[in-house]
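Here the sequence shown stands for residues 1 to 536, numbered as in my numbering.
Beta carbons: idealized from backbone N, C-alpha and C, even for Gly.
All figures in this text were calculated on a predicted structure; none of them were measured in a lab.
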Amino acid sequence: MYKRDPSQDPVWQAGFSSSLTNLAAVLPFLLITGYASMIFRELILTISFAILATLAAALTLVPMLAAHLARIRFRSGLEQSFLIRGFNRGIGRLQRHYVNLLRPVLKFRYVTIVIALLAGIGIARIGADLGNEFLPQVDDGGVGIRMVLPSGTPPAETDAAAREIESVIMDMPHVDTMFALVGGHLGGGIINERPGTSNIRVQLTPARERPDMSAGQWVAEAQQRLDALDLPGARVSVRPPAIRGLQFSPGGADFSISLVGDELADMREYARDIAALLQGIPGLEGVEVGREDQSPLTRILVDRERAADLGLRVSEVGRAVRNAVADVGQIMAEVEARMADFDLPEQYSLIYSGQWETIQETNRELRTVVILALFLVFVVMAVQYERLTNPLVILTAAPLALFGVVSLLALTQTSLSAPVLIGVVLLIGIVVNNAILLVEYIEIGRRQMGLALEDAVYRAAEVRLRPILMTTLTTILGMLPLAIGFGEGAEIMHPLALAVVGGLLSAMFLTLFIVPAFYMIINGFAERARSMLFGS
Numbered sequence: 001m002y003k004r005d006p007s008q009d010p011v012w013q014a015g016f017s018s019s020l021t022n023l024a025a026v027l028p029f030l031l032i033t034g035y036a037s038m039i040f041r042e043l044i045l046t047i048s049f050a051i052l053a054t055l056a057a058a059l060t061l062v063p064m065l066a067a068h069l070a071r072i073r074f075r076s077g078l079e080q081s082f083l084i085r086g087f088n089r090g091i092g093r094l095q096r097h098y099v100n101l102l103r104p105v106l107k108f109r110y111v112t113i114v115i116a117l118l119a120g121i122g123i124a125r126i127g128a129d130l131g132n133e134f135l136p137q138v139d140d141g142g143v144g145i146r147m148v149l150p151s152g153t154p155p156a157e158t159d160a161a162a163r164e165i166e167s168v169i170m171d172m173p174h175v176d177t178m179f180a181l182v183g184g185h186l187g188g189g190i191i192n193e194r195p196g197t198s199n200i201r202v203q204l205t206p207a208r209e210r211p212d213m214s215a216g217q218w219v220a221e222a223q224q225r226l227d228a229l230d231l232p233g234a235r236v237s238v239r240p241p242a243i244r245g246l247q248f249s250p251g252g253a254d255f256s257i258s259l260v261g262d263e264l265a266d267m268r269e270y271a272r273d274i275a276a277l278l279q280g281i282p283g284l285e286g287v288e289v290g291r292e293d294q295s296p297l298t299r300i301l302v303d304r305e306r307a308a309d310l311g312l313r314v315s316e317v318g319r320a321v322r323n324a325v326a327d328v329g330q331i332m333a334e335v336e337a338r339m340a341d342f343d344l345p346e347q348y349s350l351i352y353s354g355q356w357e358t359i360q361e362t363n364r365e366l367r368t369v370v371i372l373a374l375f376l377v378f379v380v381m382a383v384q385y386e387r388l389t390n391p392l393v394i395l396t397a398a399p400l401a402l403f404g405v406v407s408l409l410a411l412t413q414t415s416l417s418a419p420v421l422i423g424v425v426l427l428i429g430i431v432v433n434n435a436i437l438l439v440e441y442i443e444i445g446r447r448q449m450g451l452a453l454e455d456a457v458y459r460a461a462e463v464r465l466r467p468i469l470m471t472t473l474t475t476i477l478g479m480l481p482l483a484i485g486f487g488e489g490a491e492i493m494h495p496l497a498l499a500v501v502g503g504l505l506s507a508m509f510l511t512l513f514i515v516p517a518f519y520m521i522i523n524g525f526a527e528r529a530r531s532m533l534f535g536s
């Protein structure tokens, strides 16, 4: 008796290939380090184990349940209902219209590919203008206010200025609680004395109770009111909510410039010049010089010889602190433009740190991850198909997702961030599945049904349209709650969901046309090359 090898089953092959490509796309992410790894490592591990679990269930549990359920003689008659019959008729019409639209695309397939390439260049230009940030602004309602008065300000005057700020804040809407420290700050359970300063922690009401005002809008309004207060000599900055424990620089600032040198007095002067130079940059708020608030009543003299014996070095760090919701990339471009003409002696140096440095590092690592993911996906498919042409065709689905990613981000005015880049990595494994379904059935039509190349493409397009729609739309519907941003704390995953939803939508529509056209082009070249090398 003949026993069929399950490894030759096209459904088994397509499912196994899809799972392996998904794993190959997400596993390289585990190689990255830094803040992105700290925040998203558990997510990638969860996705990886979920892929393995669903593959095991699809190959064992689902066939077993299907075999048992097939024995049930009871028929619900649901397939004969008006709703189901109407849905099937709609899918049938959609399949016919799709094949009719595909015919001119395949007839002018070279023109189709050229148009796709030109559109890709346009999308890349739009993506370059989206802006950059490491993480989107969270809205847990925790707002910080920092006041710095001139050195030597008496404690009584500092306290009076802080109370004026408190009265302004208490008159603002949506304030739940407020806690103030004057003359120092509390961190890690340790109180540090800093004369002439005040740190105020404001907790806003939950975001669902203030739908008309986000934390960012509250911060902007609070900054305007405190600027209008015009406290003599005071620098007051309002900082939006941030992830607790996530600091981009030693001082907790999103952006800092460290000035390194030997002469303390000179560096203090240069630091003041830098701070003045950076004033007025849109989106750059709370610019101040570190250690400017030292009290002149206390003077510490460093024994340089003793310090040298201990291997220590006396240095001064001047920081230009920024706390903004605006695009970090645009701010950095303006900062670098202004600093280009700043005359600094050779014995002094500047070190940029903060969120921009984190963005650059994350982008470098994720670019490596994307390249490695594409390579592993290609290798997995090359082993499965035992040829190079089909994996090359299938991989064209990956860049097609970028059309939807960039378009949806631009439409929602969302900046590029680490969650967006992670969503793109996840998309690599997801979007190639539709191409696998399509290419797999084209091969079945050519090898097992004996169809000509063009007929096999049309047949695969008609048969595979329904599962492609089903798998894509179910994934999109699963991502919709995150994409809409339901619930508190959804801000971090919101860009990731937008990237996945936009990428899936564009990849689904473009895969149905670009992949068949590219398949015919690549296979045409392959057939001619085979004839030239080995003869007919």
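When the options are compared against residue i, the one with the closest alpha-carbon
i, options, result
"Y98", "L505, R466, E527 and I521", "R466"
"D341", "I274, P104 and Q217", "I274"
"V26", "G445, L45 and M449", "L45"
"V138", "P240, Q217 and I72", "P240"
"T197", "T205, V236, Q223 and V175", "V236"
"L505", "F534, T471 and P516", "T471"
"I243", "L469, G142 and A529", "G142"
"I145", "T412, N434, V62 and E164", "E164"
"Q330", "E133, D212, T475 and S214", "E133"
"I351", "S256, A401 and D262", "S256"
"T412", "E357, G485 and G445", "G485"
"I444", "V219, A220 and R459", "R459"
"Y270", "T474, P282, V289 and I281", "V289"
"T153", "E357, L69 and V182", "V182"
"R367", "I115, I422 and E440", "I422"
"K107", "R208, V406 and P516", "P516"
Cβ-based neighbour list, residue i, same chain, cut-off 8 Å, excluding 5 preceding and 5 following
i, result
"I436", "A14, S17, S18, T21, M381 and I394"
"V369", "P28, F29, L31, I32 and V425"
"T119", "Note that residue 119 corresponds to Ala in the displayed sequence, not to Thr. Counting only Cβ-Cβ distances below 8 Å, and skipping sequence neighbours, we find F403."
"A337", "none"
"A234", "M147, V148, L149 and A161"
"L388", "A382"
"E166", "M178, A180 and I200"
"G216", "Q137, D139, P240 and V325"
"I522", "T389, L392 and V393"
"G478", "none"
Cut-off 6 Å between Cβ atoms - residues of its own chain near residue i, not counting five sequence neighbours on either side
i, result
"L102", "A461"
"S349", "V260"
"F518", "V393 and T396"
"L408", "L498 and G502"
"P495", "P136, T414, S417, P419 and V420"
"G92", "none"
"R210", "H174"
"G184", "I191, N192, E193 and R194"
Residue i - partner residues in DSSP beta bridges
i, result
"E193", "G184"
"R235", "V148"
"N132", "L416"
"N199", "R146 and L181"
"L204", "V175"
"V380", "Answer by DSSP bridge pairing: none, since V380 is not bridged."
"V260", "S349"
Terminal residues of the alpha helix (DSSP H) in which residue i lies
i, result
"R447", "A418 to R447"
"A460", "L453 to I484"
"V289", "Run containing V289: none; DSSP gives neither H nor E here."
"M272", "With the sequence shown as reference, residue 272 is identified as Arg, and Met is not the correct amino acid for it. L264 to L278 is the span of the alpha helix (DSSP H), which, as asked, contains R272."
"V138", "Here V138 belongs to no alpha helix (DSSP H), and DSSP marks it neither H nor E."
"P495", "M493 to F534"
"S407", "A397 to L411"
"E157", "P155 to M170"
"Q224", "A215 to L229"
"I44", "Y35 to A56"
"L106", "F82 to K107"
"L61", "That residue, L61, is in no alpha helix (DSSP H); it is neither H nor E in DSSP."
Cβ of residue i within 8 Å of any chain D Cβ
i, result
"D343", "Reference to chain D is not applicable here, since this structure consists of a single protein chain."
Same chain, Cβ closer than 7 Å to residue i, five either side skipped, listed in chain order
i, result
"I84", "L78"
"A410", "I126 and L130"
"Q95", "E462 and L465"
"R109", "A517, M520 and I521"
Stretch-stretch touch, CB-based, cutoff 8 Å, three pairs: the stretch 442-454 with the stretch 54-72 = Short answer: they don't touch.
query = When the Cβ atoms of the stretch 370-378 are set against those of the stretch 482-501, are three or more pairs found closer than 8 Å?
reply = Verdict: no, contact absent.
request  = Would you check if the stretch 219-228 and the stretch 167-183 touch, i.e. whether three or more CB-CB distances between them fall below 8 Å?
outcome  = They touch, by the three-pair rule.
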